[in-house]
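Student: Chains as they are written, first to last, in this note's numbering: chain A, 54 to 436; chain B, 85 to 388; chain C, 110 to 403; chain D, 4 to 382.
Glycine included, C-beta positions come from ideal geometry on N, C-alpha and C.
Every value quoted in this text rests on a predicted model; they were computed, and no experiment measured them.
Below you will find the structure I want to go over with you.
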């Protein structure tokens, strides 16, 4: 029996329960809808995107919502690992569409089974895509004969150069040229190692596709790139960790030379024409971010509607017209302003386009080696 | 507790009594304040700079970053995403504060009044939450939530779990964010409240009961008013800790970002003085809350 | 026969206590212990594996470069330095606040000191970046305004900058506990010591310092643990050679998605942090409850 | 003993901004005396103590201790030690460490510290308590630690700042005597601050009475009591019946002063003039109950009245007699001596001698009121 003096505790409990109930109902009603209103004849419900900042601009989302009646909710992430971590933690639930980079999809799917295959028949007009890109994505994201990704946007990383200070730059090797000591920035991540390997005459992507079992060979290559980068460390002002950090360093003239994304370079060019994005002679590193459907996605109709919507050239053009990244949709550049077109064409003459080195999926064992060396590089003292 | 409050002779007897020491003291205080306020002062200043970048030199005064009439510069009051994030942060912070105050008070009573076997271990576990990196708290909670859903589904069947909304509650979203933040901010609140409860002269409660109050009434009429300064400061600390939390929130957040999360993704992508404008708001807000807690804490403190 | 007010726990369950205990239990068990235990279990499995193993823990010794141990050691050393530095910077202010300033002046100062602490950590860190960077405000002042330097210097991206920002971030957590223990020190004790022949140094050593010890310990613990588990400051300010243990853990969890190893790392972190806290308490002769309750 | 002086204040003034806490104070404390500074709270006695101990510096004037001028000498270098009002025992140190503190500060060798502390603890009767913390001692024991902590340093002067005020009544009475004996025993000069006139009376060799920043009278307790030289002293020290009247008649060696209905004769002082206003003080023990009809004993002043109340305070009986004034007249006598105790309502005859009336010219009209306030403020 409860006595009167227990009123205090009861009140406390009532408060706890109320708080819980309130926060629950006010915040997640939308998600509950998505749970229940899964498949109807009419489009509607909610579409929960897990994507990068810039991939879901307000204007496009508004347009899509108006066309379909679907309510779009966007969660932004800042790292491929965040997509995988979130989906891993929820067993692939909680989101309807994610945008991992294609080289991450296969491994994540094999290890954690967090995605579901793409139903290609529901892509209305697959021919609108640049074929070589679409094929590459299909190839890289196939697990057990099923394709898990279609391309969303792509881009490269190469060299961003302040030509007023460093006019002659054309190779990854120039990052380590002593004349730029203290005026160089790049990430302490795999792309930097990839660039170094290319500069040393290796092809890491071909290697990981052709010899996925050869961990020792991979390690040897990484070791060599590591030694090269440690020697190079005194050249580096700092390892940038975000797009904006790279922009700040270059725009303020604190660094002259950077390994970074093309889109970053073009944003800088618009402010300072001396700064250019260059595809190095070894080849720019090509990445593709994808549309990949989490295993627990609810509103598949809306998912495919969204993919098809984004594959319309005018929408693809709208998405990429800021010059942050490129679209795999043919004709999207028709909707670009002239100055962006010029910048992109200047950076990518025919030869450079053909020379893009696409990131390929890596086996888990390779990634472990990569992580190890990334950290070793950060610990190493500059020479 | 308060010693004699007559004009204190110790003022002269402090180790800084010599004139040069007095000068030195004020130089130190000035440097200290400079250290504290120079970075923030510049952040605040640049919120009013008529420039697209948050950087010197000064290009004239503007309020564009607060209320941009044209829409070219997204003034924070014309930016639905920013306003939405502020609202979300507010909601989360209020939820966390409510939980912290209620649970913190019960926990404080338990630790101070009813020591039970294992209470020391529980206390240690509580304090340990402050040490665990926030990211790990978040990840652990997220995967536990998922485990709960999976297990419940196996037991009760998917429709039932969906119907009571559990699955959406335990997915990344504000509910989990509140729980995650509370899981360690609650420790701060408990420590603050327990600290004051320890000094509470328990005879007062006994006197109240002796005069005919039930235990509940005694606590409500005598103990809680005594705890009020601690409750106010625990509330303010909880609110502000929640409002600025980033690490734990990162993994638990769904589609409604809190302010720090929005900051983080914005700062990675582009920096405009908009961020400075929000900072100014936050500073003003923090200062007012601090003032409130000091004034309330002081007024309600029977110790003066 | 005396009727004891304390009812035998065997005879009758005290529902009031049980109900008071429930929120705490739900919190600690449901939101802390259980999730952490889940992680702890994970730390005994290889990623994707299903046999219990110590491999994740042993891996820290097996790596040829001992990266984890080196980073861990460096982090530990630095966090101790940060705690000590913060103490040195904050102590005089805490003393002035407690023993020199009175009444309204004191109130204003407390507010003035507390406010910066509540501005978002990200903003504080970016504010410091804006100050210290090569094209930042400090260089602008030194080169363009005061003309002390011929050319800008890079103040950012090194360990000193990192220490400066760390100390800045945790100053208040040191200041307030010391202040509150000094505030409880009766002024007449200082007088008594002086009266008995103690000079300034002896007054500090025998009266002021012992009285502030609970606060000092509490401050040291807070600053130590929070800088130990900090991620943003070393990442953004520390530059190219300042890997922090939380970055290693973050890398395991987020970049490599190897939660098992990440969990192992974080439990090592937790264990060492607890050990250091325990050591600090032993060293200062304080108890956790007393220190945190002040 | 020689007339050596341990503490001497010369024209000391201490001002805090506009407020002058101490004004032109001068006195000397002979070596080996128990010297009390007595006055109501706020009279400046604590300031005086701080000036002697060195916690504050005078605005003007000189402080001399043991033959040395100590202006500007910091507190830790003065040969005075202090027992604080709240004792200020170091809470984290044992009794031994508290007592040893000053010796250690003076870098006395360890062995000597031990023997001196133990000897001192024995003197104050605390042997066996040396390992306890102050919080584990009773109030009286703490008191003795505080005193031992000073005496062990063999200072020229021990200053005591109302150290008994925190004790309960019984213990206070006991400690008064203990202190007095201790001081006799060690022979150190004690300067004792108090607002309690009975403490001062019981313990002191000499008393300085202070009010509003000034020392009004310095003298032996008996002298202060029976020959006050200032109306404040007369009213503050001991109990008095007070009158304020005007001189109506003067003779060669006496004067008649009238206060409303009451008219009394008192000894004449040279500067008295008719029409002048005077304050008169009359100790209750000097007011005697006279037989209603007898004329054996005829003091100069006599009055009839009705007993309003009778208060027994141990051996002392106190009668309040309504004599037609706004305040009753108090008379005191020891039980069982002269006469039977009257009953309430009884009409009695009271009488007192002219020589027992202490009179001072009244400076202004409301002085009496003020004095009464001062007298009751401390109660």
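What separation, rounded to the nearest whole angstrom, lies between the Cα atoms of residue 437 of chain A and residue 285 of chain A?
Tutor: Nothing can be reported for residue 437 of chain A: it is not among the residues displayed for chain A, which extend from 54 to 436.
Student: Where does residue 103 of chain D land, buried or exposed, given buried means 16+ other C-beta within 10 angstroms?
Tutor: Looking up residue 103 of chain D in the fourth chain gives position 100. The residue is buried, with at least 16 neighbouring Cβ atoms inside 10 Å.
Student: Where does residue 380 of chain D land, buried or exposed, given buried means 16+ other C-beta within 10 angstroms?
Tutor: Here the question's residue 380 of chain D lines up with position 377 in the fourth chain. For residue 380 of chain D, the pLDDT reaches just 47, beneath the cut-off of 50, and the residue's location in the model is therefore unreliable, although a value from the coordinates is still provided. Looking at its Cβ environment, which holds fewer than 16 other Cβ atoms inside 10 Å, residue 380 of chain D is exposed.
Student: Measuring straight from C-alpha to C-alpha, what distance separates residue 140 of chain A and residue 215 of chain B?
Tutor: In the first chain, the residue the question calls residue 140 of chain A occupies position 87. In the second chain, the residue the question calls residue 215 of chain B occupies position 131. The straight-line gap from Cα to Cα measures roughly 26 Å.
Student: Buried or exposed: which applies to residue 77 of chain A, given that a residue is buried once 16 or more other Cβ atoms fall within 10 Å of its Cβ?
Tutor: As a first step, residue 77 of chain A is located in the first chain; it is residue number 24 there, counting from the start. Summary for residue 77 of chain A: the model assigns pLDDT 42, below 50, so the residue's position carries little reliability, and this model does not support an answer.
Student: Could you name the residues of chain B that residue 233 of chain C contacts, counting a contact when the two beta carbons are closer than 8 Å?
Tutor: Locating residue 233 of chain C in the third chain gives position 124, where the first residue counts as 1. Per Cβ cutoff of 8 Å: 123, 124.
Student: Rounded to whole angstroms, what is the Cα-Cα separation between residue 339 of chain D and residue 320 of chain D?
Tutor: Numbered from 1 along the fourth chain, position 336 holds the residue referred to as residue 339 of chain D. Numbered from 1 along the fourth chain, position 317 holds the residue referred to as residue 320 of chain D. Approximately 10 Å, taken between the alpha carbons.
Student: Taking the beta carbon of residue 185 of chain A as the centre, do at least 16 other beta carbons fall within 10 Å, making it buried, or is it exposed?
Tutor: As a first step, residue 185 of chain A is located in the first chain; it is residue number 132 there, counting from the start. With fewer than 16 other Cβ atoms within 10 Å, it is exposed.
Student: Which residues mark the beginning and the end of the alpha helix (DSSP H) in which residue 111 of chain A is found?
Tutor: As a working note, residue 111 of chain A is residue 58 in the first chain. Unbroken alpha helix (DSSP H) run through residue 111 of chain A: 111-121.
Student: Quick one, which residues of the region 268-299 of chain C are near chain D if we go by CB-CB under 8 Å, in chain order?
Tutor: Here the close residues are 295, 297, 298.
Student: Sorted by chain position, which residues of the same chain lie with C-beta nearer than 7 Å to residue 281 of chain C's C-beta, five sequence neighbours on each side aside?
Tutor: Working through the third chain from its first residue, we reach residue 281 of chain C at position 172. Cβ within range, chain order: 222, 223, 226.
Student: Using the Cα positions of residue 400 of chain C and residue 392 of chain C, report the straight-line distance between them to the nearest angstrom.
Tutor: Stepping through the third chain from its first residue, residue 400 of chain C is reached at position 291. Stepping through the third chain from its first residue, residue 392 of chain C is reached at position 283. In a straight line, the C-alpha of residue 400 of chain C is about 13 Å away from that of residue 392 of chain C.
Student: Please report the distance separating the alpha-carbon of residue 18 of chain D from that of residue 321 of chain C.
Tutor: If you number the fourth chain from 1, residue 18 of chain D lands on position 15. If you number the third chain from 1, residue 321 of chain C lands on position 212. Their Cα atoms are separated by approximately 33 Å.
Student: Three Cβ pairs or more, each shorter than 8 Å: is that satisfied between the region 383-396 of chain A and the region 241-258 of chain A?
Tutor: The region 383-396 of chain A is not in contact with the region 241-258 of chain A.
Student: List in chain order: all unbroken beta strand (DSSP E) runs of 3+ residues lying wholly within the region 169-237 of chain D.
Tutor: Listed in chain order, they are 192-197, 209-214, 217-222.
Student: Residues of the region 213-232 of chain C with a CB closer than 9 Å to any CB of chain B: list them in chain order, please.
Tutor: The residues in question are 216, 218, 219, 220, 221, 222, 223, 224, 225, 226, 227, 228, 229, 230, 231, 232.
Student: Under the rule that 16 or more other beta-carbon atoms within 10 Å means buried, what is residue 245 of chain C, buried or exposed?
Tutor: As a working note, residue 245 of chain C is residue 136 in the third chain. It is buried - the Cβ of residue 245 of chain C has at least 16 other Cβ atoms within 10 Å.
Student: Note down the Cα distance separating residue 296 of chain A from residue 266 of chain C, rounded to an integer number of angstroms.
Tutor: To locate residue 296 of chain A, count along the first chain from 1; it is residue 243. To locate residue 266 of chain C, count along the third chain from 1; it is residue 157. Between residue 296 of chain A and residue 266 of chain C, the C-alpha separation is close to 17 Å.
Student: Return the residues of the region 355-387 of chain C that lie within a Cβ-Cβ distance of less than 7 Å from chain A, sorted by chain order.
Tutor: Per Cβ criterion, the list reads 357, 360, 362, 363, 364, 365, 366.
Student: Whole angstroms are fine: how far does the CA of residue 123 of chain B sit from the CA of residue 238 of chain C?
Tutor: Walking along the third chain from the start, residue 238 of chain C turns up at place 129. Walking along the second chain from the start, residue 123 of chain B turns up at place 39. Their backbone Cα atoms lie some 9 Å apart in a straight line.
Student: Near residue 105 of chain A, what residues of its chain come up, given a Cβ to Cβ distance below 8 Å and the 5 sequence neighbours on each side ignored?
Tutor: Taking the first residue of the first chain as 1, we reach residue 105 of chain A at position 52. For residue 105 of chain A, where only same-chain residues beyond five positions count, the Cβ hits under 8 Å are 129, 130, 131, 152, 342.
Student: Return the CA-CA distance between residue 342 of chain C and residue 234 of chain C, expressed in angstroms with no decimal places.
Tutor: Position 233 of the third chain, counted from the start, is the residue given in the question as residue 342 of chain C. Position 125 of the third chain, counted from the start, is the residue given in the question as residue 234 of chain C. Approximately 7 Å between the Cα atoms of the pair.
Student: Go ahead and label residue 225 of chain D buried or exposed: buried means 16 or more other beta carbons lie within 10 angstroms of its beta carbon, across all protein chains shown.
Tutor: As a first step, residue 225 of chain D is located in the fourth chain; it is residue number 222 there, counting from the start. Residue 225 of chain D comes out exposed.
Student: Going along the chain, which residues of its own chain have a beta-carbon closer than 7 Å to the beta-carbon of residue 207 of chain C, five neighbours each way excluded?
Tutor: Your numbering for residue 207 of chain C matches position 98 in the third chain. These residues qualify, in order along the chain: 288, 291, 292.
Student: What residue from B:274, B:113, B:143 has the CA that sits closest to residue 219 of chain C's CA?
Tutor: On the third chain, residue 219 of chain C is found 110 positions in, with the first residue counted as 1. Checking every option, the nearest Cα to that of residue 219 of chain C belongs to B:113.
Student: Once the 5 residues before and after residue 107 of chain A are set aside, which same chain residues still bring their CB inside 6 Å of it?
Tutor: Reading the first chain from its first residue, position 54 is the one you call residue 107 of chain A. Excluding sequence neighbours, residue 107 of chain A sits near 377.
Student: Check the Cβ of residue 338 of chain B against every Cβ in chain C and list those closer than 8 Å, keeping chain order.
Tutor: Position 254 of the second chain, counted from the start, is the residue given in the question as residue 338 of chain B. By Cβ distance, chain C contributes nothing, its closest Cβ being about 18 Å from residue 338 of chain B, past 8 Å.
Student: Count the other CB atoms within 10 Å of the CB of residue 280 of chain B; is the residue buried (16 or more) or exposed (fewer)?
Tutor: Walking along the second chain from the start, residue 280 of chain B turns up at place 196. Buried.
Student: At a CB-CB cut-off below 7 Å, which residues of chain C make contact with residue 105 of chain D?
Tutor: Working through the fourth chain from its first residue, we reach residue 105 of chain D at position 102. Chain C residues near residue 105 of chain D: 305, 306.
Student: Going by DSSP in three states, residue 257 of chain D sits in which element: helix, strand or coil?
Tutor: Indexing the fourth chain from 1 puts residue 257 of chain D at position 254. DSSP places residue 257 of chain D in strand when its eight states are reduced to three.
Student: Look at the Cβ atom of residue 366 of chain C, then the Cβ atom of residue 138 of chain A, and state whether they are nearer than 8 Å.
Tutor: Numbered from its first residue, the third chain carries residue 366 of chain C at position 257. Numbered from its first residue, the first chain carries residue 138 of chain A at position 85. Result yes, Cβ atoms of residue 366 of chain C and residue 138 of chain A sit closer than 8 Å.
Student: Can you tell me where the alpha helix (DSSP H) with residue 314 of chain A in it begins and where it stops?
Tutor: To locate residue 314 of chain A, count along the first chain from 1; it is residue 261. It is not in any alpha helix (DSSP H) - residue 314 of chain A instead sits in the beta strand (DSSP E) that spans 310-314.
Student: Return the Cβ separation of residue 194 of chain B and residue 130 of chain C in integer angstroms, given the expectation that the two are a contact with Cβ distance under 8 Å.
Tutor: On the second chain, residue 194 of chain B is found 110 positions in, with the first residue counted as 1. On the third chain, residue 130 of chain C is found 21 positions in, with the first residue counted as 1. That belief holds up - the Cβ atoms of residue 194 of chain B and residue 130 of chain C are roughly 5 Å apart, short of 8 Å.
Student: Closer than 7 Å, Cβ to Cβ, to anything on chain A: give me those residues from the region 218-233 of chain B, in chain order.
Tutor: Residues 223, 226, 227, 230.
Student: Would you say the region 206-213 of chain A touches the region 316-334 of chain A, given that touching needs at least three Cβ pairs under 8 Å?
Tutor: The region 206-213 of chain A is in contact with the region 316-334 of chain A.
Student: Which of helix, strand or coil does DSSP assign to residue 359 of chain B?
Tutor: For this step, residue 359 of chain B is matched to residue 275 along the second chain. Helix.
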